[in-house]
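Numbering (my numbering), first residue to last: 3 to 248.
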């Protein structure tokens with residue numbers, strides 16, 4: 003702020019000096035023209051004859067025209083300077099407008115876009131886990147795809163999904179605002195040995211994956227999720243990592 007306050011007066015002082023110099027130059031031109039004109043008249047008065055009168059008249063007109071050209075050139079120069087200043091101000095205003103439009107567009111996208119996430123996980127242990135996918139946004143989500151993994155792991159080994167590692171071969175579905183889709187995640191592929199580990203409080207049944215979709219602004223979005231289930235306490239929780247979105 004102090005630097006800006008110092009720069010503004012400096013610009014004003016510089017502009018005032020430029021104006022003073024321009025006005026001084028104009029008066030010098032006019033003064034020189036007047037002196038020359040007076041000198042010609044005086045000389046003509048001393049050495050007057052018909053030829054000199056004609057010469058004096060033509061020369062006087064020439065000096066007058068030169069002075070008028072100089073004045074016109076000064077006017078054009080001042081107009082050019084004003085137009086230059088106006089152009090700079092217009093460019094500044096255009097820049098401000100572009101930044102404002104960009105900020106408004108980003109705010110609009112942030113407010114109106116689709117937000118697809120998981121609302122709850124209902125265990126039907128040991129058969130399945132029912133997962134609900136919901137569009138919490140205000141506009142539809144298109145081509146919603148879902149990929150997940152289920153495994154029994156020690157509680158310290160929190161799994162995370164990566165959108166780049168998923169082979170998105172299953173066709174997506176549309177999801178309107180507040181609309182939800184239930185996804186039953188079968189536990190039949192978990193081995194009996196892994197299921198037996200769940201009696202140990204050091205182990206968890208982890209469910210993690212990725213949701214991919216497109217919003218109405220034609221941008222691909224991802225939501226990563228990672229949750230766990232403890233059969234001994236019937237506790238459902240969200241992992242400390244692996245839950246984010248773009």
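The C-beta atom is built at its ideal place from N, Cα and C for all residues, glycine as well.
Rounded C-alpha distance that separates residue i from residue j
i: residue 142; j: residue 82; result: 54 Å
i: residue 126; j: residue 232; result: 12 Å
i: residue 68; j: residue 78; result: 15 Å
i: residue 56; j: residue 80; result: 36 Å
i: residue 257; j: residue 109; result: Residue 257 is absent from the structure shown; the chain starts at 3 and stops at 248.
i: residue 211; j: residue 116; result: 19 Å
i: residue 226; j: residue 196; result: 25 Å
i: residue 6; j: residue 111; result: Caution is warranted here: a pLDDT of 47 is assigned to residue 6, below 50, making its placement in the model unreliable, and no coordinate value can be reported.
i: residue 136; j: residue 84; result: 59 Å
i: residue 156; j: residue 104; result: 47 Å
i: residue 160; j: residue 95; result: 51 Å
i: residue 237; j: residue 194; result: 21 Å
i: residue 75; j: residue 61; result: 21 Å
i: residue 223; j: residue 102; result: 25 Å
i: residue 175; j: residue 181; result: 12 Å
i: residue 248; j: residue 128; result: 33 Å
i: residue 71; j: residue 65; result: 10 Å
i: residue 246; j: residue 165; result: 12 Å
i: residue 33; j: residue 59; result: 19 Å
i: residue 107; j: residue 113; result: 10 Å
i: residue 97; j: residue 63; result: 50 Å
Buried versus exposed, by CB contacts within 10 Å (16 or more), residue i
i: residue 242; result: exposed
i: residue 92; result: exposed
i: residue 229; result: buried
i: residue 239; result: exposed
i: residue 213; result: buried
i: residue 219; result: exposed
i: residue 189; result: buried
i: residue 131; result: buried
i: residue 207; result: buried
i: residue 89; result: exposed
i: residue 123; result: buried
i: residue 215; result: buried
i: residue 10; result: Note that residue 10 scores a pLDDT of 47, beneath 50, so its modelled location is shaky; the value from the coordinates is reported in the next line. Residue 10 should be labelled exposed.
Short Cβ contact (8 Å threshold) for residue i with residue j
i: residue 149; j: residue 244; result: no
i: residue 99; j: residue 120; result: no
i: residue 179; j: residue 204; result: no
i: residue 146; j: residue 168; result: no
i: residue 187; j: residue 209; result: yes
i: residue 201; j: residue 177; result: no
i: residue 152; j: residue 192; result: yes
i: residue 154; j: residue 199; result: yes
CB contact below 8 Å: residue i versus chain B
i: residue 164; result: Of the protein chains in this structure there is only one, and it is not chain B.
Beta-bridge partners of residue i, as assigned by DSSP
i: residue 210; result: 151 and 228
i: residue 248; result: DSSP output for residue 248 lists no bridge partner at all.
i: residue 116; result: Residue 116 is not bridged to any residue.
i: residue 137; result: 118
i: residue 144; result: 216
i: residue 240; result: 229
i: residue 131; result: 125 and 187
Cβ-heavy atom distance, residue i to the ligand SAH, below 7 Å
i: residue 235; result: Absence of the ligand SAH is noted for the structure shown, with no ligands found whatsoever.
>> Please give me, in chain order, every unbroken run of the alpha helix (DSSP H) with length at least 4 that falls completely inside the stretch 162-213.
In response: 194-199
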